[in-house]
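Trainee: I'd like to ask some things about the structure below.
Number of protein chains: 4
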Amino acid sequence: MLNVGIIGATAYTSLELIKILLRHPKVKITYLGVRRTDRPMISDIFPTLKNLLDVSCEPIEHKEFPDNINLAFITLPPTISMQYVPLFTKRGIKVIDFSADYRFRDKSIYEKWYKAQHTDSAGIETAVYGLPELFREEIKKTNLVGNPGCYTTATILALAPLLTHGIVYPDDIIVDAKSGVSGRGREPREDTHYCECNENIEAYSVGGHRHSPEIEHILSIKTSQKVSIQFVPHLIPMNRGILCTIYAKPKQNLKETGFILSDSEVHRLYKEFYGKEPFIRLKEGNETPKTKDVIYSNFCDIATKVTENRIIILSAIDNLIKGASGQAVHNMNVMCGFDEKMGLL
Amino acid sequence: MLNVGIIGATAYTSLELIKILLRHPKVKITYLGVRRTDRPMISDIFPTLKNLLDVSCEPIEHKEFPDNINLAFITLPPTISMQYVPLFTKRGIKVIDFSADYRFRDKSIYEKWYKAQHTDSAGIETAVYGLPELFREEIKKTNLVGNPGCYTTATILALAPLLTHGIVYPDDIIVDAKSGVSGRGREPREDTHYCECNENIEAYSVGGHRHSPEIEHILSIKTSQKVSIQFVPHLIPMNRGILCTIYAKPKQNLKETGFILSDSEVHRLYKEFYGKEPFIRLKEGNETPKTKDVIYSNFCDIATKVTENRIIILSAIDNLIKGASGQAVHNMNVMCGFDEKMGLL
Amino acid sequence: MLNVGIIGATAYTSLELIKILLRHPKVKITYLGVRRTDRPMISDIFPTLKNLLDVSCEPIEHKEFPDNINLAFITLPPTISMQYVPLFTKRGIKVIDFSADYRFRDKSIYEKWYKAQHTDSAGIETAVYGLPELFREEIKKTNLVGNPGCYTTATILALAPLLTHGIVYPDDIIVDAKSGVSGRGREPREDTHYCECNENIEAYSVGGHRHSPEIEHILSIKTSQKVSIQFVPHLIPMNRGILCTIYAKPKQNLKETGFILSDSEVHRLYKEFYGKEPFIRLKEGNETPKTKDVIYSNFCDIATKVTENRIIILSAIDNLIKGASGQAVHNMNVMCGFDEKMGLL
Amino acid sequence: MLNVGIIGATAYTSLELIKILLRHPKVKITYLGVRRTDRPMISDIFPTLKNLLDVSCEPIEHKEFPDNINLAFITLPPTISMQYVPLFTKRGIKVIDFSADYRFRDKSIYEKWYKAQHTDSAGIETAVYGLPELFREEIKKTNLVGNPGCYTTATILALAPLLTHGIVYPDDIIVDAKSGVSGRGREPREDTHYCECNENIEAYSVGGHRHSPEIEHILSIKTSQKVSIQFVPHLIPMNRGILCTIYAKPKQNLKETGFILSDSEVHRLYKEFYGKEPFIRLKEGNETPKTKDVIYSNFCDIATKVTENRIIILSAIDNLIKGASGQAVHNMNVMCGFDEKMGLL
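Residue numbers (the working numbering), protein chains in the order written: chain R, 46 to 390; chain S, 46 to 390; chain H, 46 to 390; chain A, 46 to 390.
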């Protein structure tokens with residue numbers, strides 16, 4: 046059995062993580078750490094866990110952790126996370142970090158967008174971006190995974206095949222993203238008040254959202270070209286789920302490269318790219334992804350459509366599962382040599 | 046034109062009040078007062094008012110108010126409200142107060158439930174409970190109205206005909222009430238977070254809710270008997286609307302009194318009681334009230350059903366309109382001798 | 046491995062059943078039968094099952110079924126179901142039926158409420174009501190289970206301890222029930238249209254709902270007294286979940302029986318009654334059940350509160366899981382001697 | 046008083062139309078016609094109208110209409126509508142048609158997309174597209190208005206200033222549109238079932254939606270250039286409201302034309318274009334339109350944002366009001382010389 050600890054157990058993603066791990070046959074949760082100290086039982090914080098996991102949460106400010114942890118999930122906010130990750134990696138303990146602190150190979154991008162100095166350069170150097178579909182081999186070998194953001198997962202998976210094969214211009218991509226409210230976190234705020242979100246849709250961070258540089262950074266590295274996107278997120282009145290509608294422009298000289306642009310050829314290309322991936326499902330014909338088909342699952346559903354001037358890619362995930370906790374468990378499975386689907390179907 | 050001021054302009058009820066008053070042909074809003082001072086324009090607080098009411102909000106802590114107010118709506122929280130009401134009544138200005146501070150003729154009930162000493166005994170003595178269907182004549186003559194709560198409005202209107210005619214036992218009444226989330230106010234809290242309310246229903250204050258003594262107090266006064274109810278409110282994932290499902294027990298000796306208990310007789314009794322009321326609509330046959338039919342309106346829809354052991358009464362209102370701001374305008378119309386429906390259809 | 050078939054695979058309950066069975070380590074789905082014949086793959090009917098169960102659905106009108114079925118779940122509507130159940134029971138195949146057709150020991154009650162003649166008297170005689178908490182021993186021995194309705198499950202579990210111990214009057218019970226829309230089935234109708242349900246709450250079947258006689262019948266049998274309830278269901282704008290708010294009247298002579306009516310004593314009584322039940326969770330102190338804590342699970346959360354004139358019992362379940370498919374799998378586990386929790390946590 | 050008739054009174058848009066007209070001081074509803082004949086009272090079809098408009102609906106299949114109609118609103122589906130419109134126009138009665146039948150000056154576009162032969166060529170020739178902000182003078186003079194679609198209204202208003210001034214390429218425009226479910230109509234269908242829409246977002250008609258040619262047609266006529274757009278609509282779990290997120294590409298030679306591309310300059314351009322329009326509200330600074338601020342109103346809220354490669358325009362309307370019935374009344378006001386805001390604030 047792998048003994049795992051969760052550091053930062055009060056987030057919505059932590060709850061989903063716990064629920065997945067409780068079903069995982071090779072894992073035992075041996076430690077829960079929280080920044081708040083007033084409510085000791087995890088089943089008091091999340092009554093849905095009653096009878097499933099009735100253990101107490103330990104305060105983490107002392108930064109002392111027990112020995113019986115083989116792998117730590119860090120679900121703390123960015124800039125806080127990097128204060129805790131080295132405490133584990135230095136002791137040789139595997140870490141999967143949910144914040145943005147270990148997603149960038151280039152410290153300067155992180156520091157610009159998160160407005161903080163990065164204090165763990167050593168960590169950044171060994172960290173691997175935890176998108177198994179693109180970085181599986183690296184994940185197998187690392188002890189530190191930077192678990193991807195939710196918008197980024199849906200966007201990168203949707204675009205990787207086209208960009209890898211040079212089908213579309215890397216600097217003329219529009220990502221219109223829609224997310225359920227749990228993506229905003231669990232903290233009560235005016236913009237997460239029920240009456241403000243319900244019966245409403247709005248765009249936010251139109252000027253620039255933190256997930257935008259993450260998407261560009263990872264896609265640029267992976268496809269060896271400078272990728273730049275126009276990213277606009279929207280808040281949707283539903284608890285969970287993300288749908289990305291992506292508009293990419295096919296290159297003009299495609300014929301010369303031998304690629305015949307059509308729905309079936311694009312579909313074939315995605316099938317080749319993701320054919321054996323356990324959590325990617327490609328829609329057939331005119332079917333489009335619906336978030337209701339992926340929520341509470343680790344699947345990413347993708348459809349493509351060729352129109353007169355664009356290739357439209359639609360991708361849907363559960364922001365808390367494939368966009369966070371399910372992907373983290375997938376990474377754990379890869380890191381530990383378990384069956385990749387274990388605990389996730 | 047009647048010049049009105051609104052003291053406490055940032056509540057959901059204040060927004061509804063403003064929207065109604067803007068349509069009222071005999072009213073001009075001349076003053077908006079707020080406890081917060083950072084956002085001066087009402088259309089910044091409520092962008093939906095842009096182009097409709099672009100005036101600034103004045104801070105109220107100094108407790109000084111201009112002369113050009115003929116009637117003041119006080120939409121402050123209980124215990125705060127009574128600090129402001131006398132400032133107006135003493136100058137002969139009509140007041141309609143939205144808090145609980147002027148709803149009880151008996152100070153001691155108020156003080157027990159609101160855990161505060163009442164500082165305006167004079168006000169209590171002249172205040173009239175602002176339910177026009179039951180206290181129209183008193184409202185006509187008063188300068189100070191205690192505007193009823195939302196749950197109380199729906200419950201009292203549903204029960205008044207049966208209790209007035211002595212058809213049911215006054216001490217064996219169950220009120221199972223369901224409210225949209227706006228009833229909880231506009232303050233962000235864990236229990237109004239979108240993800241906590243959405244896809245959820247729960248009961249709250251099962252031991253005792255503040256509206257319970259208000260209902261009992263008013264019904265007891267109005268029907269000259271000691272009324273006691275069992276009241277359980279529930280939070281429903283919708284913005285607005287209240288549905289009360291009320292179970293009353295018919296008296297055993299009804300036949301002796303000449304009342305033949307049946308659906309049609311009960312319906313007839315309600316028709317007599319509310320026949321000319323402009324905002325009461327009685328459902329016919331097996332039709333039941335739906336909150337969607339009353340939201341954004343000042344109507345209260347009521348249905349009755351006689352079963353083997355009970356008379357079931359269903360009543361639906363918009364908690365922000367008939368349960369607050371619409372009723373306040375109705376009271377204003379009565380107090381000022383306007384057509385009662387003015388601004389409300 | 047137990048080979049199971051699902052007869053009537055297109056209902057919402059069927060989807061939930063499939064998802065649970067796919068996680069069950071001792072079960073293999075070997076047959077899916079449907080009344081419609083146009084969409085052969087189950088993952089076309091429910092795209093969420095893509096990659097999880099890509100098998101075809103067989104038409105069932107011929108009433109011929111393969112041999113490789115050890116247990117059949119029948120998820121057909123009432124009156125249709127009883128045409129199929131005997132086809133399996135006669136061959137010695139275990140059956141768990143989701144309709145009302147095998148829930149009544151007394152045929153006449155069924156025939157009155159479902160307005161149809163019952164054609165399988167032999168089935169009724171051997172059928173056991175599939176509420177494991179109350180009928181575990183009988184379920185172990187039977188080959189035919191009538192799986193309870195959703196409202197009935199929540200209500201019976203809430204009332205059984207009090208009625209069994211004679212604490213409350215069996216004929217003065219009010220059940221105010223609230224259900225998500227999936228309880229209405231998957232058929233598009235005016236009353237399940239999104240815009241008609243959303244931002245709305247309404248009561249329905251106020252005169253009498255089919256679940257009412259089922260509740261009375263089972264509670265009467267189990268607690269050996271004539272139980273009669275006042276049952277009013279409501280439609281709530283959410284996908285799934287049921288909350289029952291139940292008002293029971295404590296008997297006047299309790300003291301003589303040695304029972305001291307108090308919150309703690311009632312709570313102790315429930316704890317004794319359900320102490321070892323794997324799927325009953327009793328709320329402590331002033332905590333109340335929330336449907337969000339039980340949806341997607343087989344738990345029933347229950348709270349009790351003693352007030353001046355009533356004992357209030359609140360119970361919450363997922364109507365599709367504990368109110369249908371989860372309970373069916375629980376019954377299967379009991380019938381087959383599996384660990385009761387298998388596949389359900 | 047203007048006597049108006051509504052032909053096709055059972056749509057969601059008809060209900061909104063009636064509610065607006067009931068508040069309009071110069072209008073009297075004298076006729077309601079329906080295609081169904083079973084429920085004669087409009088307040089039976091829409092119980093929310095009870096006590097507001099208790100008149101009967103007449104069957105329209107006979108195509109005979111009374112004389113006391115000065116203006117007819119036709120709220121029938123496309124291809125049905127053109128069978129009724131001439132019956133009124135021929136008698137000199139003003140008509141505002143809600144369908145697509147009179148929105149295209151070019152019959153062939155209509156016939157291609159609506160797969161039907163147009164039978165009223167004379168009507169098409171005199172019909173004016175009912176977007177007052179762009180066609181006010183023509184509307185003043187016509188007897189027949191083709192009332193715009195909901196998506197088209199939000200999109201055309203958002204793009205007209207930029208296209209009129211030649212700021213952006215007319216053939217590189219992406220419109221990512223999000224609509225509440227009432228946009229799908231009132232007919233129960235699988236895709237409007239509550240449980241299918243709730244907690245879900247999906248794109249539809251990705252290949253090509255009927256509103257796409259309407260937008261291109263009108264913008265091309267109005268701005269004298271061939272406009273072509275990429276339009277993808279999405280279904281959002283809310284009753285009403287549309288948000289369009291539009292990505293337009295600024296021309297490369299703008300500097301030569303003297304236009305300095307910046308947030309403030311684009312904002313100034315919109316202010317000039319719409320400065321006096323009563324129903325256009327331009328957001329300031331970083332504020333973005335929210336559908337909750339426009340629902341139940343005739344406003345269109347618009348924001349613009351200049352990014353590295355695009356101008357992003359956000360526009361929000363109520364699909365049933367500014368996208369249908371409010372706009373129709375606005376058109377009526379213009380046609381009849383009433384104050385344009387009458388009945389609409």
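Using N, Cα and C, we set each Cβ at its ideal position, and we do this for glycine too.
If you follow the alpha helix (DSSP H) that residue 24 of chain S is part of, which residue opens it and which one closes it?
Mentor: In the structure as shown, chain S starts at 46 and stops at 390, and residue 24 of chain S therefore has no counterpart that could be examined.
Trainee: Using a Cβ cut-off of 8 Å (strictly closer), state whether residue 152 of chain H contacts chain S.
Mentor: Judged by the 8 Å Cβ criterion, residue 152 of chain H is not in contact with chain S.
Trainee: For residue 277 of chain S and chain H, any beta-carbon pair shorter than 8 Å?
Mentor: Yes, residue 277 of chain S counts as interfacial toward chain H.
Trainee: Where does the unbroken alpha helix (DSSP H) through residue 88 of chain S begin, and where does it stop?
Mentor: Run containing residue 88 of chain S: 87-90, per the alpha helix (DSSP H) assignment.
Trainee: Is residue 93 of chain H close to chain R, meaning its C-beta is less than 8 Å from at least one C-beta of that chain?
Mentor: Yes - at least one Cβ of chain R is within 8 Å of the one on residue 93 of chain H.
Trainee: Spell out whether any CB of chain A is found under 8 Å from the CB atom of residue 231 of chain S.
Mentor: For residue 231 of chain S, the answer is no, since every Cβ of chain A falls outside 8 Å of its Cβ.
Trainee: Roughly how many whole angstroms lie between the Cα atoms of residue 343 of chain H and residue 143 of chain H?
Mentor: One C-alpha to the other measures close to 16 Å.
Trainee: For chain H, check one thing: does any of its Cβ atoms lie closer than 8 Å to the Cβ of residue 250 of chain A?
Mentor: Judged by the 8 Å Cβ criterion, residue 250 of chain A is not in contact with chain H.
Trainee: So residue 234 of chain S contacts chain R; which residues on that side make the cut at Cβ distance below 7 Å?
Mentor: Per Cβ cutoff of 7 Å: 233.
Trainee: Anything in chain H within Cβ reach of residue 326 of chain R, meaning under 7 Å, just list it in chain order.
Mentor: In chain order: 95 and 96.
Trainee: Taking residue 69 of chain A as the query, report the chain H residues whose CB atoms sit under 9 Å from its CB, ordered along the chain.
Mentor: Correct list: empty, because the minimum Cβ distance to chain H is about 25 Å.
Trainee: By DSSP, does residue 326 of chain A sit in helix, in strand, or in coil?
Mentor: Strand, per DSSP.
Trainee: Helix, strand or coil, according to DSSP, for residue 134 of chain A in the structure here?
Mentor: Looking at residue 134 of chain A - three-state DSSP - the assignment turns out to be helix.
Trainee: Using a Cβ-Cβ cutoff of 8 Å, what residues of the segment 313-342 of chain H are near chain A? List them in chain order.
Mentor: Per Cβ criterion, the list is empty.
Trainee: Of all the beta strand (DSSP E) runs that stay within the bounds of the segment 236-281 of chain H, which reach a length of 3 or more residues?
Mentor: Within the segment 236-281 of chain H, the complete beta strand (DSSP E) runs of at least 3 residues are 274-280.
Trainee: So, does the CB of residue 359 of chain S fall closer than 8 Å to a CB anywhere in chain H?
Mentor: Yes, residue 359 of chain S lies at the interface with chain H (some Cβ there is under 8 Å from its Cβ).
Trainee: Using a threshold of 8 Å, state whether the C-beta atoms of residue 227 of chain A and residue 285 of chain A are closer than that.
Mentor: A contact, by the Cβ cut-off of 8 Å.
Trainee: Would residue 367 of chain H and residue 124 of chain H qualify as a contact pair, given that the criterion is a beta-carbon distance under 8 Å?
Mentor: No, these two residues do not count as a Cβ contact at 8 Å.
Trainee: If you compare alpha carbons, which of S/302, S/52, S/266 and S/385 is closest to residue 131 of chain S?
Mentor: Per the Cα distances, S/52.
Trainee: For a quick check, are the C-beta atoms of residue 87 of chain R and residue 100 of chain R less than 8 Å apart?
Mentor: Yes, these two residues count as a Cβ contact at 8 Å.
Trainee: Name the DSSP beta bridge partners of residue 287 of chain H, please?
Mentor: BP columns for residue 287 of chain H point to H/224 and H/362.
Trainee: For residue 286 of chain H, return the contacting residues in chain S, with the cut-off set at a CB-CB distance below 8 Å.
Mentor: Chain S residues near residue 286 of chain H: 244, 245 and 246.
Trainee: Just checking my contact of residue 233 of chain A with residue 235 of chain H at CB under 8 Å: how many whole Å lie between their CB atoms?
Mentor: Confirmed, about 5 Å.
Trainee: Taking 8 Å as the threshold, find out whether the segment 295-308 of chain R comes into contact with the segment 345-354 of chain R through three or more Cβ pairs.
Mentor: The segment 295-308 of chain R, when compared against the segment 345-354 of chain R, does touch it at the 8 Å Cβ threshold.
Trainee: Is the separation between the beta-carbon of residue 249 of chain S and that of residue 280 of chain S shorter than 8 Å?
Mentor: Yes, the pair counts as a contact, with Cβ atoms nearer than the cut-off.
Trainee: Taking 8 Å as the threshold (beta carbon to beta carbon), is residue 346 of chain H in contact with chain S?
Mentor: False, the Cβ-Cβ gap to chain S never drops below 8 Å.
Trainee: Given a cut-off of 8 Å on the beta-carbon distance, is the pair residue 166 of chain A and residue 157 of chain A in contact?
Mentor: Taking 8 Å as the Cβ cut-off, residue 166 of chain A and residue 157 of chain A do not qualify as a contacting pair.
Trainee: Do you know whose CA, among H/121, H/67 and H/113, lies nearest residue 97 of chain H's CA?
Mentor: The option with the nearest alpha carbon to residue 97 of chain H is H/67.
Trainee: Going by alpha carbons, who is nearest to residue 168 of chain R out of R/111, R/214, R/187 and R/115?
Mentor: It is R/187.
Trainee: Under a three-way DSSP split, which group does residue 161 of chain H fall into?
Mentor: Residue state, collapsed to three classes: coil.
Trainee: Anything in chain R within Cβ reach of residue 75 of chain A, meaning under 7 Å, just list it in chain order.
Mentor: Within 7 Å Cβ-Cβ: nothing; residue 75 of chain A doesn't reach chain R, min ~34 Å.
Trainee: Going by CA-CA distance only, name the one from A/81, A/64, A/145 and A/212 that's closest to residue 303 of chain A.
Mentor: Among A/81, A/64, A/145 and A/212, the Cα nearest to that of residue 303 of chain A belongs to A/212.
Trainee: Please go through the same chain and pick out, in chain order, the residues whose beta-carbon is closer than 8 Å to the beta-carbon of residue 231 of chain H, but skip the five residues on each side of it.
Mentor: 55, 56 and 57, listed in sequence order.
Trainee: Could you tell me whether the Cβ of residue 280 of chain S comes closer than 8 Å to any Cβ of chain A?
Mentor: No, its Cβ sits nowhere closer than 8 Å to a Cβ of chain A.
Trainee: Hey, out of R/389, R/312, R/322 and R/252, whose CA is closest to residue 358 of chain R's CA?
Mentor: The shortest C-alpha separation from residue 358 of chain R is found at R/312.
Trainee: What separation, rounded to the nearest whole angstrom, lies between the Cα atoms of residue 223 of chain A and residue 337 of chain S?
Mentor: Approximately 23 Å, taken between the alpha carbons.
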